[in-house]
Amino acid sequence: ILGVLSLGSESPNCFNLADRDFAVDLATRCGTAIENSRLFEETEAGRRRLQILYEASGLLSASLNPGATVSSLVNI
984 ILGVLSLGSE SPNCFNLADR DFAVDLATRC GTAIENSRLF EETEAGRRRL QILYEASGLL
1044 SASLNPGATV SSLVNI
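Rendered as C-alpha coordinates:
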(Lines of atoms letter the chains of each structure in order from A and count residues from 1; the text may use other names and numbers.)
(Lines give C-alpha, C1' and ligand atoms only; values in the text may rest on other atoms or scores of the structure.)
Protein backbone atom coordinates (compact mmCIF):
# COMPACT_ATOMS: atom_id res chain seq x y z
CA ILE A 1 0.00 0.00 0.00
CA LEU A 2 1.46 3.34 -1.07
CA GLY A 3 -1.26 5.62 0.15
CA VAL A 4 -4.84 6.12 1.19
CA LEU A 5 -7.59 8.18 -0.38
CA SER A 6 -10.00 9.46 2.23
CA LEU A 7 -13.08 11.53 1.58
CA GLY A 8 -15.24 12.96 4.29
CA SER A 9 -17.96 15.41 5.05
CA GLU A 10 -19.49 16.99 8.11
CA SER A 11 -22.93 16.11 6.76
CA PRO A 12 -24.04 12.50 7.19
CA ASN A 13 -24.90 10.51 4.06
CA CYS A 14 -23.85 13.31 1.71
CA PHE A 15 -22.13 11.02 -0.79
CA ASN A 16 -24.16 9.18 -3.39
CA LEU A 17 -23.25 6.32 -5.75
CA ALA A 18 -21.90 8.72 -8.38
CA ASP A 19 -19.57 10.22 -5.75
CA ARG A 20 -18.43 6.73 -4.78
CA ASP A 21 -17.80 5.81 -8.41
CA PHE A 22 -15.83 9.03 -8.88
CA ALA A 23 -13.68 8.27 -5.82
CA VAL A 24 -13.02 4.71 -7.03
CA ASP A 25 -12.07 6.00 -10.49
CA LEU A 26 -9.79 8.65 -8.97
CA ALA A 27 -8.10 6.09 -6.72
CA THR A 28 -7.63 3.72 -9.67
CA ARG A 29 -6.07 6.45 -11.79
CA CYS A 30 -3.74 7.47 -8.96
CA GLY A 31 -2.68 3.86 -8.49
CA THR A 32 -2.03 3.51 -12.21
CA ALA A 33 0.05 6.70 -12.26
CA ILE A 34 2.12 5.52 -9.29
CA GLU A 35 2.68 2.11 -10.88
CA ASN A 36 3.67 3.70 -14.21
CA SER A 37 6.15 5.93 -12.40
CA ARG A 38 7.64 2.94 -10.58
CA LEU A 39 7.95 0.98 -13.83
CA PHE A 40 9.58 3.96 -15.56
CA GLU A 41 12.16 4.31 -12.79
CA GLU A 42 12.85 0.57 -12.88
CA THR A 43 13.28 0.67 -16.66
CA GLU A 44 15.63 3.65 -16.46
CA ALA A 45 17.75 1.93 -13.80
CA GLY A 46 18.01 -1.15 -16.05
CA ARG A 47 18.91 1.04 -19.02
CA ARG A 48 21.70 2.69 -17.01
CA ARG A 49 23.07 -0.71 -15.96
CA LEU A 50 23.05 -1.92 -19.56
CA GLN A 51 24.79 1.26 -20.71
CA ILE A 52 27.58 0.68 -18.18
CA LEU A 53 27.94 -2.95 -19.32
CA TYR A 54 28.02 -1.82 -22.96
CA GLU A 55 30.75 0.74 -22.25
CA ALA A 56 32.74 -1.71 -20.12
CA SER A 57 32.62 -4.43 -22.76
CA GLY A 58 33.91 -1.99 -25.37
CA LEU A 59 36.78 -0.97 -23.10
CA LEU A 60 37.62 -4.57 -22.24
CA SER A 61 37.96 -5.46 -25.89
CA ALA A 62 39.82 -2.28 -26.88
CA SER A 63 43.16 -2.96 -25.23
CA LEU A 64 45.34 -5.91 -24.29
CA ASN A 65 47.11 -3.77 -21.68
CA PRO A 66 45.55 -4.68 -18.29
CA GLY A 67 46.63 -1.42 -16.66
CA ALA A 68 45.07 0.72 -19.37
CA THR A 69 41.92 -1.39 -19.34
CA VAL A 70 41.47 -1.09 -15.57
CA SER A 71 42.14 2.64 -15.74
CA SER A 72 39.51 3.04 -18.45
CA LEU A 73 36.96 0.98 -16.53
CA VAL A 74 37.39 3.09 -13.40
CA ASN A 75 36.40 6.18 -15.38
CA ILE A 76 33.02 4.85 -16.56
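For the record, in the sequence shown the residue sitting at position 68 is 1051 according to our numbering, with numbers rising by one throughout.
Using N, Cα and C, we set each Cβ at its ideal position, and we do this for glycine too.
Please read these numbers as outputs of a predicted model, since none were measured by experiment.
Self-check item: Reference V987; option with closest CA among I1059, A1006, L1047 and V1053
Solution: A1006
Practice problem: Report whether the distance from the Cβ of P995 to the nearest heavy atom of the ligand MN is below 6 Å. | Solution: Only the bare structure without any ligand can be found here, which leaves the ligand MN out of the picture.
Quiz item: Does the distance from the C-beta atom of I1035 to that of I1017 stay below 7 Å?
Solution: no
Quiz item: Excluding the five sequence neighbours on either side, which residues of its own chain have a C-beta within less than 7 Å of the C-beta of L1042, listed in chain order?
Solution: The beta carbon of L1042 is closer than 7 Å to those of T1052, S1055 and L1056 in its chain, skipping five residues each way along the sequence.
Self-check item: E1038 - DSSP class collapsed to helix/strand/coil
Solution: Correct three-state label for E1038: helix.
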